[in-house]
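Here the structure is laid out as structure tokens; the discussion comes afterwards.
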Amino acid sequence: MPSVPVTDTAALGEDRLSAAELAAVRADFPLLARTVRAGQPLIYLDTAATAQKPSCVLDAEQDFYTLRNAAVHRGAHALAEEATAAFEDARAAVAAFVGADEGEIVWTKNATEGLNLVAYAMSNAAAGRGGAAAQALAIGPGDEIVVTEAEHHANLVPWQELCARTGATLRWIGLDDQGRVDTSDLSMITEATRVVACTHASNVTGAITPVDQVVTAARAVGALVVLDACQSAAHLPLDLHALDVDFAVFSGHKMLGPTGIGALYGRRELLEAMPPVLTGGSMVEVVTMSETTYAPPPQRFEAGTQMVAQAIGLHSAVTYLSELGMTALAEHEAQLTRALLDGISQIEGVRILGPTTAEDRLAVVSFAVADVHPHDVGQVLDDAGIAARVGHHCAQPLHRRLGVHASTRVSAGVYTTPAEIEQFCTQLATVRPFFGRG
Ligand SMILES: Cc1ncc(COP(=O)(O)O)c(C=O)c1O
Numbered sequence: 002m003p004s005v006p007v008t009d010t011a012a013l014g015e016d017r018l019s020a021a022e023l024a025a026v027r028a029d030f031p032l033l034a035r036t037v038r039a040g041q042p043l044i045y046l047d048t049a050a051t052a053q054k055p056s057c058v059l060d061a062e063q064d065f066y067t068l069r070n071a072a073v074h075r076g077a078h079a080l081a082e083e084a085t086a087a088f089e090d091a092r093a094a095v096a097a098f099v100g101a102d103e104g105e106i107v108w109t110k111n112a113t114e115g116l117n118l119v120a121y122a123m124s125n126a127a128a129g130r131g132g133a134a135a136q137a138l139a140i141g142p143g144d145e146i147v148v149t150e151a152e153h154h155a156n157l158v159p160w161q162e163l164c165a166r167t168g169a170t171l172r173w174i175g176l177d178d179q180g181r182v183d184t185s186d187l188s189m190i191t192e193a194t195r196v197v198a199c200t201h202a203s204n205v206t207g208a209i210t211p212v213d214q215v216v217t218a219a220r221a222v223g224a225l226v227v228l229d230a231c232q233s234a235a236h237l238p239l240d241l242h243a244l245d246v247d248f249a250v251f252s253g254h255k256m257l258g259p260t261g262i263g264a265l266y267g268r269r270e271l272l273e274a275m276p277p278v279l280t281g282g283s284m285v286e287v288v289t290m291s292e293t294t295y296a297p298p299p300q301r302f303e304a305g306t307q308m309v310a311q312a313i314g315l316h317s318a319v320t321y322l323s324e325l326g327m328t329a330l331a332e333h334e335a336q337l338t339r340a341l342l343d344g345i346s347q348i349e350g351v352r353i354l355g356p357t358t359a360e361d362r363l364a365v366v367s368f369a370v371a372d373v374h375p376h377d378v379g380q381v382l383d384d385a386g387i388a389a390r391v392g393h394h395c396a397q398p399l400h401r402r403l404g405v406h407a408s409t410r411v412s413a414g415v416y417t418t419p420a421e422i423e424q425f426c427t428q429l430a431t432v433r434p435f436f437g438r439g
């Protein structure tokens, strides 16, 4: 079997994880020790879909259910008090991790729910809900919403639906030749634009959007900026206040945390003006048989019994990431990105989709193998114990723009080793010969 050397480590930063630190990190993730497909070591390269969980996250959830399980914000008993304190401590920790204030973090099920929450709140405002204060968020005919061609469906379909409900118009920013969001032409952001919703980093190409340029263009016309930080939150140091966006979303399960928890960040004055979307228990002040007044944010947007164990698990995950250091982690992953691009680009008949250089991108690399369907590529990789993702990765317009229907994607995380990338590249090199294509 040909070996594909992974050589480009010359430009490594000084802060990256040492080999000993990386070994210690891997020991924290019990799942990584298992084998798959007839006893082969697992090489998990699907972190962009969902990250594996360190023991501290598993323990935090177990401890909650073992020792403190109670509904939050409701009971007057000792367990309820402890659970509420842990739940709110988690909010404070997650807020600090993303450079926000505690009151600006609304718990959601995931990023998708956060984006839908903002879009539905805007049409509720358009329908007159939330009174005069909410009118700043109301959208209607003549208004425009701008997205990019690089969006995950989660940051596209809710805006299409908002336009369909309100009569607003959807526009989009195109991509440049490298598959990056083309900020050299932001002419679609005009006085009619009310919202610019863009991804921080693409889940297909790994490209990082120059958010500052988008924010400047949006601010110039008074539009709100909604940032999809789903891919970036666990891979780059994130400071939402410094980025100066109005809303942002992320999912806990991509950040080493549990499934079932994510967050919507909103600037405090916007959350205060925003009408609720889900209504019911826990989000109210006074309820009579005919009407209701609502609690202040963030509780206004957290109807029903909350995902307490998951919030506590996410607290543990962001503590783990912070202790490792986001700069060291980003350096480690930059090394893996260089290795991936270097290794894949040496294989004949494989085309990297998106930027082929390591600047301003994450360790998320999608590629097309000439004359081999991505599902077949995935199968050859899986036979060697390598977990990759195949399909359109919930980004059909982006794939169409890149001239393919589907692709194979590999994505690394804090626990991924350079040796794993080398093994992946070696296995990828066998795909075309295996199918008699090269
Ligand atoms: C860029 C991006 N945005 C949004 C989402 C949606 O995340 P979730 O399914 O956790 O809501 C994903 C998930 O893959 C993503 O990669």
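So in the working numbering, the last one in the sequence shown is 439, and the numbering has no gaps at all.
Backbone N, C-alpha and C define an ideal beta-carbon position, used for all residues, glycine too.
Residue i versus residue j: straight-line alpha-carbon distance, rounded
| i | j | result |
| --- | --- | --- |
| residue 234 | residue 291 | 42 Å |
| residue 53 | residue 30 | 7 Å |
| residue 314 | residue 88 | 10 Å |
| residue 421 | residue 265 | 34 Å |
| residue 427 | residue 400 | 26 Å |
| residue 328 | residue 416 | 15 Å |
| residue 90 | residue 186 | 43 Å |
| residue 182 | residue 219 | 15 Å |
| residue 74 | residue 142 | 40 Å |
| residue 373 | residue 436 | 8 Å |
| residue 98 | residue 58 | 16 Å |
| residue 269 | residue 106 | 9 Å |
| residue 21 | residue 118 | 43 Å |
| residue 132 | residue 126 | 8 Å |
| residue 152 | residue 80 | 42 Å |
| residue 440 | residue 139 | In this structure the chain extends from 2 to 439, so residue 440 is not present and cannot be described. |
| residue 213 | residue 199 | 12 Å |
| residue 192 | residue 170 | 13 Å |
| residue 382 | residue 168 | 46 Å |
| residue 37 | residue 259 | 23 Å |
| residue 13 | residue 19 | Any answer about residue 13 is weak, because its pLDDT of 39 lies below 50 and its placement is not dependable; what the coordinates show is given next. Cα-Cα distance, rounded: 11 Å. |
| residue 434 | residue 343 | 20 Å |
| residue 162 | residue 375 | 30 Å |
| residue 24 | residue 226 | 40 Å |
| residue 243 | residue 149 | 22 Å |
Proximity of residue i and residue j at Cβ, strictly below 8 Å
| i | j | result |
| --- | --- | --- |
| residue 92 | residue 103 | yes |
| residue 386 | residue 42 | yes |
| residue 332 | residue 17 | yes |
| residue 216 | residue 246 | yes |
| residue 330 | residue 364 | no |
| residue 419 | residue 257 | no |
| residue 308 | residue 353 | no |
| residue 158 | residue 189 | no |
| residue 229 | residue 201 | yes |
| residue 356 | residue 180 | yes |
| residue 135 | residue 296 | no |
| residue 441 | residue 438 | Limits of the chain in this structure are 2 at one end and 439 at the other, which puts residue 441 out of reach. |
| residue 208 | residue 362 | yes |
| residue 145 | residue 166 | no |
| residue 250 | residue 116 | yes |
| residue 238 | residue 272 | no |
| residue 49 | residue 204 | yes |
| residue 311 | residue 253 | yes |
Proximity winner among the options, relative to residue i (alpha-carbon distances)
| i | options | result |
| --- | --- | --- |
| residue 351 | 318, 431 and 328 | 431 |
| residue 113 | 137, 232 and 192 | 232 |
| residue 155 | 401, 420 and 396 | 396 |
| residue 380 | 300, 391 and 372 | 391 |
| residue 120 | 63, 133, 69 and 195 | 195 |
| residue 394 | 374, 98, 372 and 367 | 367 |
| residue 47 | 429, 400, 403 and 388 | 388 |
| residue 175 | 398, 34, 405 and 425 | 398 |
| residue 51 | 168, 255, 81 and 76 | 255 |
| residue 360 | 25, 340, 375 and 347 | 340 |
| residue 100 | 149, 240 and 35 | 240 |
| residue 335 | 319, 289, 317 and 358 | 358 |
| residue 283 | 343, 35 and 76 | 76 |
| residue 318 | 61, 289, 244 and 285 | 61 |
Ligand 3 heavy atom lying under 7 Å from the CB of residue i
| i | result |
| --- | --- |
| residue 424 | Judged by which ligands are present, ligand 3 is missing from the structure shown, whose ligands are ligand 1. |
Chain B within 8 Å of residue i, Cβ atoms only
| i | result |
| --- | --- |
| residue 343 | Absent here is chain B; the protein component of the structure consists of one chain. |
Legend entry - At least three beta-carbon pairs within less than 8 Å, the region 55-71 to the region 395-412: No, they do not touch.
Inset, instruction - Report yes or no: do three or more beta-carbon pairs, one from the region 295-304 and one from the region 315-326, lie closer than 8 Å? - result: Contact between the region 295-304 and the region 315-326 is absent, because fewer than three Cβ pairs lie under 8 Å.
Legend entry - Every unbroken beta strand (DSSP E) within the region 79-138, with a cutoff of 3 residues, ordered by chain: Correct list: 106-109.
Inset, instruction - Please list the segments of the beta strand (DSSP E) lying wholly inside the region 277-311, counting only runs of 3 or more residues, in order along the chain. - result: Listed in chain order, they are 285-288 and 293-295.
Inset, instruction - May I have a chain-ordered list of the beta strand (DSSP E) segments no shorter than 3 residues that lie completely inside the region 144-187? - result: You should have 145-149 and 170-174.
Inset, instruction - Identify every run of the alpha helix (DSSP H) within the region 210-269, keeping only runs that are complete inside it and at least 4 residues long; order them along the chain. - result: The qualifying runs are 212-221 and 241-244.
Inset, instruction - Could you pull out every unbroken beta strand (DSSP E) segment of at least 3 residues lying fully inside the region 351-392, listed in chain order? - result: Within the region 351-392, the complete beta strand (DSSP E) runs of at least 3 residues fall at 351-354, 365-370 and 390-392.
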